[in-house]
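Here's the structure, in structure tokens; my notes come after.
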Amino acid sequence: MDQITTNPIVIGIDAGGTMTDTILVDQDGHFKIGKSATTPKNEAEGFLASAEDAADAWGISLEQLFSGVNVVLYSGTGMLNTLLSRTGRRLGLITTKGLEDMILMGRGLQAWADYSYADRLHAVTHQHPDPLVPRRRTHGVTERIDQFGDIILPLYEHEVAAAARKLIADKVEAICIMTIFSHVNPVHEKRIAEICREEIAKAGADILVYTSHEVRPVIREQSRLNSVLIEAYATSRGRKQLKGIEDVSKKYGFKYGVQTLLSFGGLTSINHPRLHETMISGPIGGILGAAYVGKLIGNDSLICSDMGGTSFDMGVITRGQTRIENEPLMDRFKLNVPTLHLDTIGAGAGMILKVDPLTKKVSLGPESAGSDPGPICFAKGGTEPTIADCDAILGRLNPYYFLGGKVVLQVEKARAAFEEKCSRLLGVGVEEAAEGMIDMLEADANNALRRVISGQGIHPSEFTLLSYGGSGPLHLAGCSRGIGFKDIITFQFAAAFSAFGCTTADFMRRHSVSTQHDIGARASDDELVAFGKKVTAVWDDLTEAAVDEMIVDGHAREKIKTVPFLMMRYTGQLEDVEVMAPLPAIQSADDMRRVIDEFEAVYAKVNHRVSRYGEAGFSITELGLIATADKVKPVLLKRPLGKSDPSSAHKGVREAYIGGRWHKANLYEMDLLQPGHEVIGPAIIEHPATTLVVHPQDRVHVDEWTLLHYTHA
17 MDQITTNPIV IGIDAGGTMT DTILVDQDGH FKIGKSATTP KNEAEGFLAS AEDAADAWGI
77 SLEQLFSGVN VVLYSGTGML NTLLSRTGRR LGLITTKGLE DMILMGRGLQ AWADYSYADR
137 LHAVTHQHPD PLVPRRRTHG VTERIDQFGD IILPLYEHEV AAAARKLIAD KVEAICIMTI
197 FSHVNPVHEK RIAEICREEI AKAGADILVY TSHEVRPVIR EQSRLNSVLI EAYATSRGRK
257 QLKGIEDVSK KYGFKYGVQT LLSFGGLTSI NHPRLHETMI SGPIGGILGA AYVGKLIGND
317 SLICSDMGGT SFDMGVITRG QTRIENEPLM DRFKLNVPTL HLDTIGAGAG MILKVDPLTK
377 KVSLGPESAG SDPGPICFAK GGTEPTIADC DAILGRLNPY YFLGGKVVLQ VEKARAAFEE
437 KCSRLLGVGV EEAAEGMIDM LEADANNALR RVISGQGIHP SEFTLLSYGG SGPLHLAGCS
497 RGIGFKDIIT FQFAAAFSAF GCTTADFMRR HSVSTQHDIG ARASDDELVA FGKKVTAVWD
557 DLTEAAVDEM IVDGHAREKI KTVPFLMMRY TGQLEDVEVM APLPAIQSAD DMRRVIDEFE
617 AVYAKVNHRV SRYGEAGFSI TELGLIATAD KVKPVLLKRP LGKSDPSSAH KGVREAYIGG
677 RWHKANLYEM DLLQPGHEVI GPAIIEHPAT TLVVHPQDRV HVDEWTLLHY THA
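All letters in the sequence shown, in the order written, are residues 17 to 729 by my numbering.
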């Protein structure tokens with residue numbers, strides 16, 4: 017790595033379930049990585065320890081670090097953990113009379129979500145997710161608005177006041193309001209909220225009020241209800257955690273507000289009014305980073321694969337299109353939160369290994385050792401063998417260089433436990449059993465990648481695989497073998513790649529509203545103009561709302577850019593496609609035709625082998641607007657390619673078990689590899705935060721961006 021003379025401008029933090037990763041980046045694209053164990057009870061502790069580790073690597077103090085940076089980005093899983101552990105606020109709900117059992121009924125899809133294949137076959141094992149609001153704190157009030165926004169039944173205000181008083185007496189911490197068709201006309205929800213606030217003021221209570229039309233004004237009552245409940249339930253603790261992180265940053269001299277990552281790929285202040293949109297921010301950073309790298313290498317079809325201690329997350333960018341999922345599942349709740357689509361399987365280096373003594377059946381997970389107690393080799397109290405223990409037993413991990421030597425791996429302890437609980441029961445040698453376990457994990461990941469690709473309608477040879485996460489490079493060879501990717505890339509900063517991806521994002525707001533416009537295949541010019549007027553009027557309202565929010569966050573009006581979008585489908589289809597509008601307003605029939613042409617072009621990209629079907633007509637199901645403001649971004653440094661001999665990075669030889677036998681593997685320091693260097697396996701390329709295993713005869717070469725390209729023999 018070049019000598020660094022400037023200070024960082026951006027701190028990116030990704031707090032995962034096991035480790036909190038920090039990446040520091042300066043304006044020339046230099047970076048350093050810090051790692052620390054995640055501290056769920058007080059995330060500020062793990063944040064500070066990880067930032068301090070990165071500052072040490074840069075050679076500066078925490079005060080120098082925080083006083084000099086422009087942006088601190090924090091993405092984590094704290095709010096999701098609040099939901100998972102059911103430790104959120106005490107809620108009450110007021111809804112349309114007749115819908116009181118909506119929470120208990122749920123949706124069929126969410127009721128079966130996250131169940132294994134075996135459990136889906138046997139309904140006797142089936143249980144609904146635990147409700148966030150019990151039936152006794154759910155109150156129905158008489159009112160009805162129809163799908164066109166017309167009032168069919170007026171609001172019975174005395175019922176609202178009575179319901180509010182009961183909830184106040186029940187000592188709720190927040191009241192949620194969700195009435196049917198409020199996304200079309202929110203007048204009743206607004207009045208219910210007013211009455212609730214009046215009753216709260218009379219009682220002198222401290223209770224927050226949330227309305228579904230403010231949180232997510234889109235169709236599908238069940239998902240909208242889940243969204244408002246989770247915003248009320250889980251974000252209060254998340255806000256406290258984020259505020260603690262901001263306070264610690266300012267204590268060390270940070271001058272601005274901490275930012276966090278939205279699930280659809282933009283940055284926002286931690287004071288964002290819809291903070292549930294940031295609940296799964298960590299893995300999203302990887303997709304943003306992948307899009308950034310794709311521009312550098314000139315390929316817009318990418319598979320992102322992130323392997324950590326617990327899961328293997330995959331994202332797809334197909335010909336520049338990243339799929340937006342409008343109703344993701346979160347802890348078996350279907351939400352109305354636009355999210356960059358991810359596929360996830362349980363496959364990570366922390367997976368606990370089990371062997372049934374009677375059947376000799378081997379099971380990987382689904383439990384993970386996590387950061388506490390962790391794998392046996394960490395010597396922190398773990399007693400169950402994991403994939404990481406297998407990597408240590410086989411010499412693939414350096415016991416004296418894990419986290420740069422901060423943790424000394426107890427290989428013999430791991431070996432003894434693995435022999436007792438796994439290899440002896442299987443009747444095979446320790447090395448053979450350990451490699452077999454690793455092969456199973458890598459086969460699961462390999463099959464998952466094949467499944468994801470097969471759904472895209474284009475050949476694997478068009479895709480570049482980007483592998484990252486702390487365990488990604490360690491298992492890259494097996495995960496990617498035989499698929500036939502165009503290219504396979506990993507990174508010196510693989511362990512903090514998601515944090516790096518966060519630093520490439522801009523400030524963003526996304527507002528949308530459900531609609532239903534059906535456009536015939538042979539619509540006249542007058543009909544197209546009428547449709548265009550309706551669409552433009554909605555875009556104008558959304559623009560005003562999004563821009564106002566960004567101005568409140570401190571962005572100057574002239575720096576805010578807006579782009580309208582539509583969710584469209586051929587009439588009669590079940591799935592929408594997101595289309596960025598080619599123009600800011602629709603003022604003529606030709607303008608409307610341009611929008612339809614853009615939809616058909618995007619549709620053809622996403623569904624490569626599926627013919628377009630304009631004869632069915634077109635349906636617009638949602639209108640939205642994205643507002644962005646630029647922020648300082650890192651720039652990866654491009655350097656000329658040098659000689660291929662990597663001896664300047666060579667640091668010795670170690671015995672490693674690969675492919676059924678022990679090899680003398682050459683060891684290289686990852687940070688010392690320079691553009692042009694080529695490494696031929698068997699070899700192990702080490703970094704304090706990750707390890708890249710190069711199988712015999714496979715090759716790794718370093719390009720001008722210092723990206724590591726893996727080639728199978």
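C-beta atoms are modelled at their ideal positions from N, C-alpha and C, and glycine is treated no differently.
- Ranking 428, 467, 244, 104 by CA distance to the CA of residue 361 puts 467 first.
- For residue 188, no alpha helix (DSSP H) segment is defined, and its DSSP state is neither H nor E.
- The segment 487-502 makes contact with the segment 447-463; the number of CB pairs closer than 8 Å reaches 3 or more.
- Around the beta carbon of residue 588, a 10 Å sphere encloses fewer than 16 other beta carbons of the protein chains shown; the residue is thus reported as exposed.
- When secondary structure is reduced to three states using DSSP, residue 503 falls in the strand class.
- By the criterion of a C-beta distance shorter than 8 Å, residue 172 is surrounded in its chain by 157, 158, 159, once the five residues flanking it on both sides are discounted.
- DSSP places residue 666 within a strand segment (E or B) once states are collapsed to three.
- Straight across, the Cα-Cα distance linking residue 108 with residue 214 is about 16 Å.
- Judged by their CB atoms, residue 223 and residue 258 are not nearer to each other than the 8 Å cut-off.
- Bounds of the beta strand (DSSP E) holding residue 678 are 677-685.
- With a cutoff of 8 Å on beta-carbon distance, residue 98 and residue 104 are scored as near each other.
- Of all C-beta pairs linking the segment 25-37 to the segment 507-526, three or more are shorter than 8 Å, placing the two stretches in contact.
- Residue 170 and residue 561 have their C-alpha atoms some 28 Å from each other.
- Taking C-beta atoms as the reference points, residue 685 and residue 659 fail to come closer than 8 Å.
- For residue 438, DSSP assigns no beta-bridge partner whatsoever.
- In this structure, the beta-carbon distance from residue 406 to residue 450 falls below 8 Å.
- For secondary structure counted as the alpha helix (DSSP H) over 4 or more consecutive residues, the segment 212-252 holds these complete runs in sequence order: 228-231.
- Taking all protein chains in view, the Cβ of residue 656 is surrounded by fewer than 16 other Cβ atoms within 10 Å, so the residue is classified as exposed.
- DSSP, reduced to helix, strand and coil, places residue 609 within a helical segment of the structure shown.
- Nearest in C-alpha terms to residue 111, of all of 358, 66, 204, 32, is 204.
- A straight line joining the alpha-carbon of residue 236 with that of residue 524 spans about 25 Å.
- Per DSSP, reduced to three states, the secondary structure at residue 80 is helical.
- About 5 Å separates the Cβ atoms of residue 88 and residue 274, confirming a contact at the 8 Å cut-off.
- Judged by DSSP in its simplified three-state form, residue 336 adopts coil rather than helix or strand.
- A direct Cα-to-Cα measurement between residue 311 and residue 724 gives close to 16 Å.
- Around the beta carbon of residue 247, 16 or more other beta carbons sit within 10 angstroms, so the residue counts as buried.
- Counting of Cβ neighbours within 10 angstroms places residue 254 among the buried residues, the total reaching 16 or more.
- Closest in C-alpha terms to residue 149, from the list 417, 114, 188, 162, comes 188.
- Setting aside the 5 residues that flank it on each side, residue 367 is surrounded in the same chain by 380, 381, 384, 402, 403, 457, each with a C-beta closer than 7 Å to its C-beta; the list follows chain order.
- With contacts defined by Cβ atoms closer than 8 Å, residue 226 and residue 411 do not form a contacting pair.
- Residue pairing of residue 52 in beta bridges, as defined by DSSP: 36.
- Shown here for residue 554: same chain residues with a beta carbon closer than 7 Å to its own, the five before and five after excluded, namely 529, 531, 639 in chain order.
- For the pair of segments examined, the segment 70-89 was found to touch the segment 260-277: the number of CB pairs separated by less than 8 Å reaches three.
- The Cβ atoms of residue 511 and residue 375 do not sit closer than 8 Å to each other.
- The DSSP-derived three-state label of residue 91 is strand.
- When DSSP reads this structure, residue 582 sits in a beta bridge with 595, 639.
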